[in-house]
Structures are given as structure tokens and as C-alpha cells.
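One structure is given here, and the rest of the page talks about it.
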Amino acid sequence: MPNNIERPRRAQHIVAVGLLVAVFVLLARAVLYIPMHDTGVASSIQDNLQISGVLNPVTAVLLNFRGYDTLLEIAVLVLAIIGVLSLQREGMLASGRLAPFADPALSLLTRILVPMMILIAGYLLWAGEKAPGGAFQAGSILGAAGVLVTLSGHVRPGWLSPAIVKIIIAVGFVVFLVAAIIPMFFDKNLLEYPLHLAKPLIILIETWLTFSIGMILVTMFISSAAPITDDYVRGDAT
Amino acid sequence: MTQIEIYLLAGAAMFCIGLYGLVVRPHLLHKVMGLNVMAVAVFLVLVSVARRVPGPTPDALPHAMVLTGIVVSVAATAYSLALIKRIYTETGAVTLQETDDDA
Numbered sequence: 070m071p072n073n074i075e076r077p078r079r080a081q082h083i084v085a086v087g088l089l090v091a092v093f094v095l096l097a098r099a100v101l102y103i104p105m106h107d108t109g110v111a112s113s114i115q116d117n118l119q120i121s122g123v124l125n126p127v128t129a130v131l132l133n134f135r136g137y138d139t140l141l142e143i144a145v146l147v148l149a150i151i152g153v154l155s156l157q158r159e160g161m162l163a164s165g166r167l168a169p170f171a172d173p174a175l176s177l178l179t180r181i182l183v184p185m186m187i188l189i190a191g192y193l194l195w196a197g198e199k200a201p202g203g204a205f206q207a208g209s210i211l212g213a214a215g216v217l218v219t220l221s222g223h224v225r226p227g228w229l230s231p232a233i234v235k236i237i238i239a240v241g242f243v244v245f246l247v248a249a250i251i252p253m254f255f256d257k258n259l260l261e262y263p264l265h266l267a268k269p270l271i272i273l274i275e276t277w278l279t280f281s282i283g284m285i286l287v288t289m290f291i292s293s294a295a296p297i298t299d300d301y302v303r304g305d306a307t
Numbered sequence: 003m004t005q006i007e008i009y010l011l012a013g014a015a016m017f018c019i020g021l022y023g024l025v026v027r028p029h030l031l032h033k034v035m036g037l038n039v040m041a042v043a044v045f046l047v048l049v050s051v052a053r054r055v056p057g058p059t060p061d062a063l064p065h066a067m068v069l070t071g072i073v074v075s076v077a078a079t080a081y082s083l084a085l086i087k088r089i090y091t092e093t094g095a096v097t098l099q100e101t102d103d104d105a
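Residue numbers (my numbering), protein chains in the order written: chain F, 70 to 307; chain Z, 3 to 105.
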């Protein structure tokens, strides 16, 4: 019986590798066809940077010139976390305890590192206006800080109820969507910020996005990790 | 062959390695890892394309697209892991098996 299965598997394998080599040849030709001395849209981004409200071209593209992409991106994140949470058993969001006890060494390290991570997240959020940084980088550092806190055995503080977690998850997308729609009531297009309000609006959106992204990443991590069972706490698990 | 072209070809090769994992490996975790390798390959191509611009500053548009892509990739990975966990708790298997209905 194993021989019967082995033969077609091997043949399938050879066919798959052959097809993948063909895909590689096509992809290689495609990427080498990209014109090497085309400046793309880099010059028009530089020319229009002063009307975007920020000085960092990547932030200008993300939050202003192509804000639609970023709006849909945070929508994808919110949809993914809704999907992840709906596949969980009830109560996973409520407990969220991943370590059996607070490890003293890890606990001390966490107490030193987490305030610094929050500070760095705040700096990255602020620096995004004119240097590399922004909501997504700051949000991922906040998320990492949350993962560290969870892994070192600290329980979720009482005020952070599942309802509040869900509100923080949604707030970034909601603020962005409202800021995107409001210009449409003043005979402008979706996401067309008024010139003098562009900078405060971008900072407002990015701040709320940071909190949302951090909370979404922590929740994704907690949901994907294995929950602590009673056996493990007692030390019976092998 | 310029430096950018080497990076572009490496991106194409990585994409195929990821596709191999996605298509050939039956374990669902391997498939998710294959998808992630494919995503990183696309980011490598985009970052290389951003370097075509003459001067010290690379093109900002592909960089912004990579940032967007990383987030979407993370979201897709988390959702896939949740699905795999659910498939494991429901069926006890970490592969997609053919049921009698399919055969």
C-alpha cells in the first residue's frame, strides 16, 4: 500500500517542481523587464510634499496621497481580528493568561523594558511626520510590549474589560473613516483633507491608529497562542 | 547585471520557494509559512524597485506599499493560524484531508 501511494506522490512532486521552475523563469523575465531608469512617481511626491501636511514622503503617501490604501488596510486588520475572535471559544478574550505564574526575572525585565517601549512608540509616532516612523511602527512596538507583559505572567488589569478591548480595536478604523467621510459634506472627495487641517488630521488619525494596531496585534497573539490549562499550572504537562 | 537586478531575481526565486511550500507541503503550518515567504519575496521586489530612482532618497510609493503589505500579511497569518487551530480542535488533523464526499 505505501508503494502505491509513493509513486504518484513522487510524480506529482516532479511535476510541481517543473512548474515552479517555469514560474521562476516567467517571474525572472518579468522583474528584469522593469525599466531601470524610470523615476516612477517619486518626483511628483516630492513636488507635492508641502501640501500633504507632513514632511516624510512615506507618511505623506500612506496618510494623504494614497490614504485609501491605508483605510482599507486598517479595515483588513479589523476584519482579521473579528475573524480570529469569532473562531475562539467563549471567554478567551476575558482570561488571556499565557504564563502559569509571574517569573521574577522576566517580570523585572518587563518592568524596565515596557515603559521604554511605550516611550519609543510615542517617539516613532511623533517622528513619522518628518522621518521614518508612524502609526504602524509605533503600533507594532506597543503590540510587542503587550506581548511581553502577557508572556511574563501578568494578568490583564481590571479596567481592560473585553468590551474596552473591542472598543480600542475599532477606534482607529472608526476615527479614520469619519475623517475620510467628513470632507464629502463640504463638496470634496473622500479623504480630501483641507490644506490647513491636513497636519492635525493626520496626527489625530495616526494616534488612534497606533492604539488600535497595538491592541489588535496583542489580541491576535493571545488568540493564536495555546491557553494555559490546569494541568500545565500544576506542572503535570510533559 | 546590476545590484537591483540581483535583488529582483532573488525576490523571484524566494517567491517560487514559498510557492513550493504552499503547493507541495501538506502540513497547514508549512503552507502558512510558504505564504509568508511569498509575501516577503514581493516586499523584496518592491523595495528593490524603489531604489531605481536616482539620488539618495528612494521612491516613497513602493515603501508605503510594503508597509501596507506587511500589515495585511500579519493579519492574514493570524487569521490562518486561528483557522488551523480550529481545524485541529474539530478534526484532530493539521492537514486538509479529502473526505468521502470529495472522492
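Note that the Cβ used here is the ideal one computed from N, Cα and C, for glycine as well.
So F:Gly-208 and F:Val-287 are supposed to be a Cβ contact under 8 Å. How far apart are they, rounded?
Contact doesn't hold; Cβ gap of about 10 Å is too wide.
So, does the CB of F:Ser-121 fall closer than 8 Å to a CB anywhere in chain Z?
no
Taking only beta carbons into account, state which residues of the stretch 83-99 of chain F come closer than 7 Å to chain Z, listed in chain order.
Ala-85, Leu-89, Val-92, Phe-93, Leu-96 and Ala-97
When you compare the CB of F:Met-284 with every CB in chain Z, is at least one pair closer than 8 Å?
no
Just by C-beta distance, which residues in the stretch 73-90 of chain Z are closer than 8 Å to chain F?
Val-73, Val-74, Val-76, Ala-77, Ala-78, Ala-80, Tyr-81, Leu-83, Ala-84, Leu-85, Lys-87 and Arg-88
Can you tell me which of Z:Phe-45, Z:Asn-38 and Z:Thr-91 puts its alpha carbon nearest to the alpha carbon of Z:Ala-66?
Z:Phe-45
Spatial distance of F:Gly-203 from Z:Leu-30 (CA atoms):
34 Å
Neighbourhood of Z:Gly-71 by C-beta distance below 8 Å, restricted to the same chain and skipping five residues each side
Ala-41, Val-44, Phe-45 and Leu-48
Got a sec, what are the start and stop residues for the alpha helix (DSSP H) Z:His-65 sits in?
62-93
Does the separation of the CB atoms of F:Pro-335 and F:Val-127 fall below 8 Å?
Outside the shown range of chain F (70 to 307) lies residue 335 of chain F, about which nothing can therefore be said.
Are the stretch 98-106 of chain F and the stretch 247-257 of chain F touching by the rule of at least three beta carbon pairs closer than 8 Å?
no
Using a threshold of 8 Å, state whether the C-beta atoms of Z:Ala-78 and Z:Pro-64 are closer than that.
no
When you compare only the Cα positions, how much space is there between F:Gln-119 and F:Ile-272?
16 Å
For the stretch 218-283 of chain F, list the alpha helix (DSSP H) runs that are entirely contained and at least 4 residues long, ordered along the chain.
231-250
Kindly identify the DSSP beta-bridge partner or partners of Z:Thr-1.
Residue 1 of chain Z lies beyond the residue range present for chain Z, which begins at 3 and ends at 105; the question has no answer from this structure.
Looking only at its own chain, which residues have a Cβ that is under 8 Å from the Cβ of Z:Met-16, when we skip the five neighbours before and after it?
Val-39, Met-40, Val-42, Ala-43 and Leu-46
Can you look up F:Glu-198 in the DSSP assignment and give me helix, strand or coil?
coil
Neighbouring residues, chain F, relative to Z:Thr-4 (Cβ below 8 Å):
Met-105
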